[in-house]
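Undergrad:
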Amino acid sequence: MSRLPRDFFARDTLAVARELLGQRLVRLLNGQRLAGRIVEVEAYVGEGDGACHASRGRTKRNAPMFGPPGHAYVYFIYGMHHCFNVVTERAGYPAAVLIRALEPLEGIELMRELRGGRPDLPLTSGPARLCQALGIDRRLDGADLCAPDALLFLERAAAVLDEAVVTGPRIGVRGDEAALISPWRFYIRDNEYVSR
DNA sequence: GAATCGATGGTCT
DNA sequence: GACCATCGATTCT
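One gets the working numbering by counting positions in the first sequence from 1 and adding 400 to each.
Below is the structure:
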């Protein structure tokens, strides 16, 4: 099982977003492997993207987006939730892919515990839900996903066919008109773990 | 099933 | 002081 190398992330963000579908996100937590198949993502591209956190320049919070590709950008929102992004493109150009939903594959029992132990709630169908299920918080902000000793990384898995990929406007975006309609959300058609 | 709302805190103006 | 790349519960049709 090979890991996605830095070159994979050092490319056009829309291409990276599209190709992240089907790949496996792996979290090592307390010696356990938690993993899921990526089924939904969104791209946030550059300072010209009104919905991108970097659209108003570099700040302490969004600094990882301006850094080298293959690193994590984890932010805290709504007073209680975390969201996880993979930084793309070259250092100095702020862009990232938000991971919005996974299909749980490994460590499902621990994921359920991290989600509060309730059997009836979705585990990883939503950006904040998957962060809770995988134990992702601000301690992983800026982490190198390509380091040999990374506790969070991506593994190569079977590609998703074009006919199984759906694109559409991003969820929850409140930016300008172009940002509202840009079809930069990608998800796997008919997958039951896609959010909303 | 759809619409609405409260929780809760960091960040930026 | 306003805004938020959300979630889960509640309250309607």
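C-beta atoms are modelled at their ideal positions from N, C-alpha and C, and glycine is treated no differently.
Could you tell me which whole alpha helix (DSSP H) segments of length 4 or greater appear in the stretch 510-567?
TA: With a minimum length of 4 residues, the continuous alpha helix (DSSP H) runs that stay inside the stretch 510-567 are 527-534.
Undergrad: Apart from the five residues on each side of it in sequence, which residues of its chain come closer than 7 Å, Cβ to Cβ, to VAL573?
TA: Counting only Cβ-Cβ distances below 7 Å, and skipping sequence neighbours, we find ALA451, ALA579, LEU580.
Undergrad: Taking the C-alpha atoms as reference points, what is the distance between SER595 and ARG433?
TA: The alpha-carbon atoms of SER595 and ARG433 are separated by roughly 23 Å.
Undergrad: For ILE477, write down the residues that DSSP places opposite it in a beta bridge.
TA: HIS481, per the DSSP bridge assignment.
Undergrad: With distances taken between CB atoms, is the gap from ALA543 to HIS471 smaller than 9 Å?
TA: Their beta carbons are under 9 Å apart, which means ALA543 touches HIS471 by this criterion.
Undergrad: Mind checking GLY516: buried by the 16 CB within 10 Å criterion, or exposed?
TA: GLY516 should be labelled exposed.
Undergrad: At 3 residues or longer, and completely inside the stretch 420-500: list those beta strand (DSSP E) runs for me, N to C.
TA: For the stretch 420-500, whole beta strand (DSSP E) runs of length 3 or above, ordered along the chain, are 424-429, 432-445, 472-477, 481-487.
Undergrad: Per DSSP, which one or two residues make a beta bridge with PRO569?
TA: The partner list for PRO569 (beta bridge, DSSP) is empty, contrary to what the question assumes.
Undergrad: For THR567, count the other beta carbons within 10 Å of its own beta carbon; 16 or more makes it buried, fewer makes it exposed. Which is it?
TA: Exposed.
Undergrad: Return helix, strand or coil for LEU404, following the three-state DSSP convention.
TA: Three-state DSSP puts LEU404 in coil, outside helix and strand.
Undergrad: DSSP three-state call for ARG418: helix, strand or coil?
TA: DSSP places ARG418 in helix when its eight states are reduced to three.
Undergrad: At what residues does the alpha helix (DSSP H) containing ALA410 begin and finish?
TA: ALA410 -> no alpha helix (DSSP H), and no H or E assigned at all.
Undergrad: Can you confirm whether the stretch 435-443 touches the stretch 502-509 when touching is taken to mean that 3 or more C-beta pairs between the two stretches lie within less than 8 Å?
TA: Cβ pair count under 8 Å is three or more, so yes.
Undergrad: Give the range of the beta strand (DSSP E) segment to which TYR587 is assigned.
TA: Where TYR587 is concerned, the enclosing beta strand (DSSP E) stretches over 585-588.
Undergrad: For LEU530, does the count of other Cβ atoms within 10 angstroms reach 16, so buried, or fall short, so exposed?
TA: LEU530 comes out buried.
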